[in-house]
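Chains H and L, in that order, are what the protein sequence lines are. Basically the working numbering = 1-based index in the first sequence + 143. Basically the working numbering = 1-based index in the second sequence + 143. We put the CB at the ideal spot given by N, CA and C, even for glycine.
Number of protein chains: 2
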Amino acid sequence: MKNDNLLILLTNDDGIHAPGLFALYQEIKKLGKVLIVAPDSERSAVGHAITLSQPLRVWPWPPANRAAHPIPPKSTNFTDTDDGVWGYAVSGTPADCVKIAYWALLQERKPDLLISGINHGSNTGLNVIYSGTVSAATEGTILNIPSFAISLTTYEEADFSFAAKFARKLATVILQNGLPVGTYLNVNVPAVPENQIRGIAITRQGQAVYREKFEQRKDPQNKTYYWLTGYKINLENDGPDTDDYAILNNMISITPVHYDLTNYQFLDKLKQWKLKLE
Amino acid sequence: MKNDNLLILLTNDDGIHAPGLFALYQEIKKLGKVLIVAPDSERSAVGHAITLSQPLRVWPWPPANRAAHPIPPKSTNFTDTDDGVWGYAVSGTPADCVKIAYWALLQERKPDLLISGINHGSNTGLNVIYSGTVSAATEGTILNIPSFAISLTTYEEADFSFAAKFARKLATVILQNGLPVGTYLNVNVPAVPENQIRGIAITRQGQAVYREKFEQRKDPQNKTYYWLTGYKINLENDGPDTDDYAILNNMISITPVHYDLTNYQFLDKLKQWKLKLE
Numbered sequence: 144m145k146n147d148n149l150l151i152l153l154t155n156d157d158g159i160h161a162p163g164l165f166a167l168y169q170e171i172k173k174l175g176k177v178l179i180v181a182p183d184s185e186r187s188a189v190g191h192a193i194t195l196s197q198p199l200r201v202w203p204w205p206p207a208n209r210a211a212h213p214i215p216p217k218s219t220n221f222t223d224t225d226d227g228v229w230g231y232a233v234s235g236t237p238a239d240c241v242k243i244a245y246w247a248l249l250q251e252r253k254p255d256l257l258i259s260g261i262n263h264g265s266n267t268g269l270n271v272i273y274s275g276t277v278s279a280a281t282e283g284t285i286l287n288i289p290s291f292a293i294s295l296t297t298y299e300e301a302d303f304s305f306a307a308k309f310a311r312k313l314a315t316v317i318l319q320n321g322l323p324v325g326t327y328l329n330v331n332v333p334a335v336p337e338n339q340i341r342g343i344a345i346t347r348q349g350q351a352v353y354r355e356k357f358e359q360r361k362d363p364q365n366k367t368y369y370w371l372t373g374y375k376i377n378l379e380n381d382g383p384d385t386d387d388y389a390i391l392n393n394m395i396s397i398t399p400v401h402y403d404l405t406n407y408q409f410l411d412k413l414k415q416w417k418l419k420l421e
Numbered sequence: 144m145k146n147d148n149l150l151i152l153l154t155n156d157d158g159i160h161a162p163g164l165f166a167l168y169q170e171i172k173k174l175g176k177v178l179i180v181a182p183d184s185e186r187s188a189v190g191h192a193i194t195l196s197q198p199l200r201v202w203p204w205p206p207a208n209r210a211a212h213p214i215p216p217k218s219t220n221f222t223d224t225d226d227g228v229w230g231y232a233v234s235g236t237p238a239d240c241v242k243i244a245y246w247a248l249l250q251e252r253k254p255d256l257l258i259s260g261i262n263h264g265s266n267t268g269l270n271v272i273y274s275g276t277v278s279a280a281t282e283g284t285i286l287n288i289p290s291f292a293i294s295l296t297t298y299e300e301a302d303f304s305f306a307a308k309f310a311r312k313l314a315t316v317i318l319q320n321g322l323p324v325g326t327y328l329n330v331n332v333p334a335v336p337e338n339q340i341r342g343i344a345i346t347r348q349g350q351a352v353y354r355e356k357f358e359q360r361k362d363p364q365n366k367t368y369y370w371l372t373g374y375k376i377n378l379e380n381d382g383p384d385t386d387d388y389a390i391l392n393n394m395i396s397i398t399p400v401h402y403d404l405t406n407y408q409f410l411d412k413l414k415q416w417k418l419k420l421e
């Protein structure tokens, strides 16, 4: 089943040490060669940030790989090491990781697939626009690499093994079918035992909004600071075809997404405003 | 022309000290009351980041306002001060600024309009997904505030006065017409003398991609670091209805955008993949 001609790039926003990434790696390495390029520490809710104002640092990972895998790499013919994982940690965001993997580390050798995750926590509804996990898949798609993001919908201690197996299955299907130009998949897996998962739903991005609050506190110097908290409201009114609804009903959610933000429906109406310079 | 019942929220990603924001303020205060809540320093290319892992700090701005404007504010009945500007600097991203303005500083009094800018540099094409300027308008739209982002398309020293006047005109039209739920405007103004601007184009988000490069350098300790550079390619093939094309032709570009990333066209095809759990 393993095809050494395949190169699959993995990244995430929880950082290169995250158990969700390692679980993903354990399954995906059954398909082909795997290169991990991920942030050196957690970068959650970074949105689609890229690092322009600071230089990026890159380290072989795990550090024992250093001698075998110099920076920059001498070749792009990556092979797994005996200790299991082959990769680089980057002092940047998930989007930075994909860019530097493609343009610098892989010297423009295009991976056959990019998978971002497995995120520890859901990326459904409005969360999608804040998600570093999804932004990495966006970046892969911009580079014309078939890409998907995958998240396990819990912030508690979690078992990533079922989600990882599903990622491998989905990877196989995408490698067969391809994805349309500019389109990628955002996958969320319910954090329930495998025998409680009721199926797979193809969904739209939910639009339920947050009720937010900034907790106001005093620091030890008696100065005020704020901390953001919040929860989604009106989830039940947002429709049974959404990602959030699927997860609530123990279904795996797969949403096809793209990065063309144009509202084409409103575009013609806006022309009728007949805006003038004078 | 000034209506003291109107409350207009201004923010940006260049930081509260930026001349583009001040130019915008000078024009918008002619329409109504203005509250500025902006990052305390530059936050460019932060995408739609929000700050979850750190507390946020808020300071009255300019600092001379401190006595008159405590934190949190005693009332949401904001009035301009004699020194011209009334606002808060926030130790966060543009999206943080909008959230904290609405949920904490304004105590959920909804502004009638949100304007993000005037950004020093273009936010066209793929840049839109990396843009902190645009993310603030996204955040306003999520809060159901009519919102637009506005950018001047140069990184050189620039005169923001024409773009600011145009922002005031557009603000007036939006206050009259409203915007559809979930939709906002991304405006780019060419950085040319006013008499060379040829009109207003209603556009779609361009899809021209970047040719990127990571410059590899050595630091004083002889360690490698990378710095991202790049430029757009294939601009000319991307179509005359794009934001980038409008700017190249000295037209003001207005793109209606939304934050529903679902690719509805591919959704039905994806259902035909008939993905199964087993």
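Query, Result
"Could you tell me whether the Cβ of Gly321(L) comes closer than 8 Å to any Cβ of chain H?", "no"
"Using a threshold of 8 Å, state whether the C-beta atoms of Thr267(L) and Asn331(L) are closer than that.", "yes"
"Which of the three DSSP states, helix, strand or coil, is assigned to Asp147(H)?", "strand"
"When the Cα atoms are used, what is the spatial distance from Gly190(L) to Thr276(L)?", "8 Å"
"Short of 7 Å in beta carbon distance, which residues of its chain neighbour Pro216(H), apart from the five on each side in sequence? Order them along the chain.", "Leu248"
"Counting pairs of beta carbons, one from the stretch 293 to 303 of chain H and one from the stretch 236 to 246 of chain H, are three or more of them closer than 8 Å?", "no"
"Within the 8 Å Cβ cut-off, does Asn406(L) reach chain H?", "yes"
"Whole-angstrom Cβ separation of Gly325(L) and Tyr402(L), contact assumed at under 8 Å?", "7 Å"
"Given a threshold of 16 other Cβ atoms within 10 Å of its Cβ, counted over all protein chains shown, does Asp387(H) qualify as buried or as exposed?", "buried"
"Quick check on Asn155(L): does DSSP put it in helix, strand or coil?", "coil"
"I need the straight-line Cα distance from Asp411(L) to Ser234(H), nearest angstrom please.", "39 Å"
"Under 7 Å, CB to CB, which of the residues in the stretch 268 to 295 of chain H have a partner in chain L?", "Leu269, Val271, Ile272, Tyr273, Ser278, Thr281, Ile285"
"Would you call Pro289(H) buried or exposed, if buried means 16 or more other Cβ atoms sit within 10 Å of its Cβ?", "buried"
"With distance defined between alpha-carbon atoms, name the residue in Ala351(H), Val271(H), Arg360(H) nearest to Asp381(H).", "Ala351(H)"
"From the DSSP secondary-structure annotation, give me the bridge partner or partners of Trp370(H).", "Glu358(H)"
"With DSSP as the reference, label Leu164(L) as helix, strand or coil.", "helix"
"Give the DSSP-derived three-state secondary structure of Ile397(H) in the structure shown.", "strand"
"If you measure beta-carbon to beta-carbon, which residues of the stretch 345 to 367 of chain L are closer than 7 Å to chain H?", "Ile345, Arg347, Gln348, Gln350, Val352, Glu355, Lys356, Phe357, Gln359, Thr367"
"For Asn360(L), count neighbouring C-beta atoms within 10 Å of its own C-beta (all shown protein chains included) and say buried if the count is 16 or more, exposed if not.", "One point to set straight first is that residue 360(L) is Arg, not Asn, in the sequence displayed. Exposed, by the Cβ-count rule."
"Is Asp225(H) helix, strand or coil when you go by DSSP?", "Only weak support exists for where Asp225(H) lies, its pLDDT of 48 falling under 50; the value from the coordinates is given anyway. In this structure, Asp225(H) counts as coil in the three-state DSSP scheme."
"Beta-carbon within less than 6 Å of Ile345(H)'s beta-carbon, same chain only, minus the 5 sequence neighbours each way: which residues are those?", "Ile397"
"Could you give the residue range of the alpha helix (DSSP H) that holds Lys312(H)?", "304 to 320"
"Tell whether a beta-carbon distance below 8 Å holds between Arg341(H) and Asn393(H).", "yes"
"For Tyr402(H), return the contacting residues in chain L, with the cut-off set at a CB-CB distance below 9 Å.", "Leu269, Val271, Ile272, Gln348, Gln350, Leu404"
"Below 8 Å between beta carbons: does that hold for Phe303(L) and Pro162(L)?", "yes"
"Could you pull out every residue in the same chain whose Cβ sits closer than 7 Å to the Cβ of Tyr368(H), ignoring the five residues on either side in sequence?", "Arg360, Asp362"
"Chain H partners of Thr398(L), CB-CB under 7 Å?", "Thr405"
"Would you list, in chain order, the members of the stretch 229 to 245 of chain L that have their beta-carbon closer than 7 Å to a beta-carbon of chain H?", "Lys242, Ile243"
"Start and end of the beta strand (DSSP E) containing Ala232(H)?", "230 to 233"
"I need the straight-line Cα distance from Asp355(L) to Gly373(L), nearest angstrom please.", "For the record, residue 355(L) in the displayed sequence is Glu; it is not Asp. Looking at the two C-alpha atoms, the distance is approximately 4 Å."
"Given a cut-off of 8 Å, decide if Leu150(H) and Lys176(H) are closer than it, judged by their beta-carbon atoms.", "yes"
"If we require 4 or more residues per run, which alpha helix (DSSP H) segments fall completely within the stretch 240 to 293 of chain L?", "270 to 273, 275 to 285"
"Thr281(H) and Ile272(L): beta carbons closer than 8 Å?", "yes"
"Let me see if you follow: with CB-CB separation under 8 Å, is Thr326(H) close to chain L or not?", "yes"
"Leu420(H) touches chain L at which residues, Cβ-Cβ below 7 Å?", "Ile340, Gly342, Ile343"
"From Ala188(H) to Leu164(L), what does the alpha carbon distance come to, in whole angstroms?", "26 Å"
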